[in-house]
Amino acid sequence: MLFLTPEQHDIHQRIKALVREKIAPLARHIEATPEFSQEAYEALAGEKLFCLSMPKEYGGMEGDATSLALMVETIATASPSAALMVFVTNAVVRTIAITGTREQKKRLFGELKTGDQPMGFCLTEPDYGSDAAGLQTKAEPTEGGYLLSGSKVYITIGPHGRYYLVFARTGPGPKAAGISAFLLDRHAEGVVFTPPEKKMGLHGSITSQMFLDNAFVPENMRLWPEGEGWRVLADVSNPMRVWGAASLALGTAQGVLNDCLEHATKHRLFSEQAVAFVLADMEMNIEACRSLNYRVCRLVEDHRSSARQVESMVSMAKCYAADTAMKVADLASNVLGNEMARADNASAQLFRVAKGIQIFDGSNQIQRLIVARNLAAKGRELV
1 MLFLTPEQHD IHQRIKALVR EKIAPLARHI EATPEFSQEA YEALAGEKLF CLSMPKEYGG
61 MEGDATSLAL MVETIATASP SAALMVFVTN AVVRTIAITG TREQKKRLFG ELKTGDQPMG
121 FCLTEPDYGS DAAGLQTKAE PTEGGYLLSG SKVYITIGPH GRYYLVFART GPGPKAAGIS
181 AFLLDRHAEG VVFTPPEKKM GLHGSITSQM FLDNAFVPEN MRLWPEGEGW RVLADVSNPM
241 RVWGAASLAL GTAQGVLNDC LEHATKHRLF SEQAVAFVLA DMEMNIEACR SLNYRVCRLV
301 EDHRSSARQV ESMVSMAKCY AADTAMKVAD LASNVLGNEM ARADNASAQL FRVAKGIQIF
361 DGSNQIQRLI VARNLAAKGR ELV
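Position 221 of the sequence shown, counting from 1, maps to 221 under the UniProt record's numbering, and the rest follow consecutively.
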């Protein structure tokens, strides 16, 4: 059971109603069709969910990590693709809210508030995924700003955004030292997107590669000083993994359980002990995952823990949630039987989503590496 503030409870109830009335009826089509769902976008935008993390003074709801996690989890129970769309935009919005200048906030939030398109996050490159600090996209100084050249891969929302948070190298420093963060206008000359990638799951979340050929970014669209881009990522963006990927995985797991419960009830399977025990295992794993996830959300917001502790706990939340989603989706075959073999089966769709979450937004192997590294540092302090 979650203990929510009245504001968090109100947000949660509104989102549950939205999912029930507008997202769930579209979910099968969204998850099976590799195209941008304008209908889902309009439903989410109608409730101003792309503005959930936006400060109130700019017309947003200033939702905290718990509110954002509730949003992503609840939407993901029906459609992880729709949840991913709104989670990525809020990740960029929250980054701007924390690191942006007043001029940047006024301009960008004003456009988003009036119903403009979602935003994208551009870090990974063809040769640099887990080793993101080695990225090679260049930002060359020019009159009034920078010219960006290079390529980015796995861009959620593909060409359907307006602004993209792009990390590029402005200096020759070792790895992270020379990276800066920019807000790139989709309509800048020299920005080209490939057709959507064919993925194992999350088909309704468009994923494309971006090519940059001397794309101009004004100097006033750089976040923080030149060379501070890695700090934007490490101190600001990484903690969002708990209400982002971890909550997406949690919602995916809950969606699988909901599907299995419906099937077991319809076919009167609860009297079968083997099936009942599988459902019980699913529920226990999901509730343990939910407890960890919302504990870490509170940790991110209270600002009293060390950076190392927050980093470790966020990594634990993402890794554990993704593994839980995969485990629950795998168990579903013991309840659904042959139905799980159908490509359009809801749990089969979510099985493919769960595997994807183990890979993206920092693979689970990288999350374990982070936890182990911080444990080693803790161990040295005890000796």
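For glycine and all other residues, C-beta sits at the position ideal for the given N, C-alpha and C. The structure presented is a predicted model; accordingly, all values stated were derived computationally and were not measured.
Tell me, please, which residues DSSP counts as bridged to residue i.
i    : result
I179 : R169
P141 : Y146
T156 : T207
G185 : The residue you asked about is not Gly; residue 185 is Asp in the sequence shown. Answer is Y163.
R380 : Answer by DSSP bridge pairing: none, since R380 is not bridged.
S151 : F211
L223 : A181
E125 : Y128
State the start and end residues of the unbroken alpha helix (DSSP H) segment that holds residue i.
i           : result
A215        : Run containing A215: none in the alpha helix (DSSP H); it sits in the beta strand (DSSP E), T207 to P218.
C51         : Unbroken run through C51: none, as it is neither H nor E.
G251        : S247 to K266
V192        : Run containing V192: none in the alpha helix (DSSP H); it sits in the beta strand (DSSP E), V191 to F193.
F351        : A346 to I359
G46         : Q38 to G46
F87         : P80 to T99
T66         : A65 to A76
L202        : Segment: none, L202 is in no alpha helix (DSSP H) and carries neither H nor E.
S291        : Q273 to D302
residue 384 : For the chain, the structure presents residues 1 to 383; residue 384 sits outside this window and is missing.
A17         : P6 to L18
G110        : R102 to K113
R28         : A24 to A32
Which same chain residues, not among the five before or five after residue i, have their C-beta less than 7 Å away from its C-beta?
i    : result
L2   : Y294
F211 : S151 and V192
M326 : A354, K355 and Q358
S130 : S363 and I366
A43  : L18, K22 and I23
R290 : L250
S333 : M340
When you compare the CB positions of residue i and residue j, do they come within less than 8 Å of one another, or not?
i           : j    : result
residue 409 : F50  : Limits of the chain in this structure are 1 at one end and 383 at the other, which puts residue 409 out of reach.
A139        : A176 : no
S67         : Q8   : yes
T156        : T194 : no
G158        : P218 : no
L279        : V335 : yes
I11         : S79  : no
T77         : I15  : no
residue 390 : S205 : The structure shown does not extend to residue 390, since the chain is modelled only from 1 to 383, so the question has no answer here.
L248        : V19  : no
A69         : I30  : no
E311        : N374 : yes
F121        : G59  : no
T252        : L350 : yes
Q117        : G161 : yes
M284        : L257 : no
D64         : G244 : no
V314        : T99  : no
Y154        : T124 : yes
D259        : S347 : yes
E62         : P55  : yes
A45         : L26  : no
L202        : L148 : no
D344        : R28  : yes
What residues in its chain sit with their C-beta under 8 Å from that of residue i, if we drop five residues either side in the sequence?
i    : result
G227 : T170, G171, G173, A177, G178, I179 and S180
A377 : R308
T142 : F216
I286 : L250, A253, Q254, L257, T324 and V328
R368 : S315 and C319
Would you kindly report the start and end of the unbroken beta strand (DSSP E) that includes residue i?
i    : result
G120 : G120 to C122
Under 6 Å Cβ to Cβ from residue i, same chain only, skipping five residues before and after it: list those, please.
i    : result
K106 : none
S37  : I30 and G204
T137 : G150 and A168
S305 : L299
R352 : M200 and G201
P34  : P196 and H203
F87  : V72 and G244
A269 : What sits at residue 269 in the sequence shown is Leu, not Ala. For L269, where only same-chain residues beyond five positions count, the Cβ hits under 6 Å are V275.
Stretch pair the segment 285 to 304 + the segment 218 to 237: three plus CB contacts closer than 8 Å: Short answer: they don't touch.
Touching by the beta-carbon criterion (3+ pairs, under 8 Å), the segment 351 to 359 and the segment 316 to 333: For the pair of segments examined, the segment 351 to 359 was found to touch the segment 316 to 333: the number of CB pairs separated by less than 8 Å reaches three.
Any 3 or more C-beta pairs closer than 8 Å across the segment 153 to 165 and the segment 240 to 248: With the rule of 3 Cβ pairs closer than 8 Å, the segment 153 to 165 does not count as touching the segment 240 to 248.
Inter-stretch contact (C-beta, 8 Å, three-pair minimum) for the segment 263 to 279 and the segment 333 to 350: Taking one beta carbon from each stretch, the segment 263 to 279 and the segment 333 to 350 have 3 or more pairs nearer than 8 Å; the two touch.
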